[in-house]
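First up is the structure itself, then whatever we jot down about it.
The following block contains the structure:
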């Protein structure tokens, strides 16, 4: 039972993180991506204003969105191979076909 819950929680985590990474760079629901307080502090303290410009650029936002899509793909793969993942966590040998 613990193994099944572990896989379910992993799938849920991948889905939620994937949706967040897809939406966060483009939507203002989570705050303005380029005016992040932590990003401004790191940029000022390091003396590298290029950090803030890089994170604010569209290609960086696209890369973060790509990571979100990858997380969602992993979640669907894990859901499709649920029993195999549970057996692996239980330490049972993998069935070869």
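Numbering (my numbering), first residue to last: 584 to 680.
The beta-carbon is built from N, C-alpha and C at its ideal position, and this holds for glycine as well.
Quick caveat, the model's predicted, so the values are computed rather than measured.
When the distance is taken between beta carbons, is residue 652 closer than 8 Å to residue 601? As a working note, residue 601 is residue 18 in the chain shown. As a working note, residue 652 is residue 69 in the chain shown. A contact, by the Cβ cut-off of 8 Å.
Among the residues of its own chain, which have a CB less than 6 Å from the CB of residue 654, if the five just before and after it don't count? On the chain shown, residue 654 is found 71 positions in, with the first residue counted as 1. These residues qualify, in order along the chain: 597, 600 and 601.
Could you tell me the boundaries of the alpha helix (DSSP H) in which residue 654 lies? Here residue 654 corresponds to residue number 71 of the chain shown, with the count starting at 1. First-last of the alpha helix (DSSP H) with residue 654: 641 to 663.
Alpha carbon to alpha carbon, what distance is there between residue 668 and residue 661? Along the chain shown, one-based indexing puts residue 661 at 78. Along the chain shown, one-based indexing puts residue 668 at 85. Roughly 7 Å separates the two Cα atoms.
When the Cα atoms are used, what is the spatial distance from residue 674 to residue 666? By 1-based counting over the chain shown, the position of residue 674 is 91. By 1-based counting over the chain shown, the position of residue 666 is 83. Taking the straight line from one Cα to the other gives about 12 Å.
Quick one: what's got a C-beta closer than 7 Å to residue 608's C-beta in the same chain, skipping five residues either side? As a first step, residue 608 must be located in the chain shown, where it is residue number 25. Contacts found: 616, 644, 647 and 648.
List, from N- to C-terminal side, the alpha helix (DSSP H) runs of 4 residues or more that fit wholly inside the stretch 593 to 641. 620 to 629 and 633 to 639
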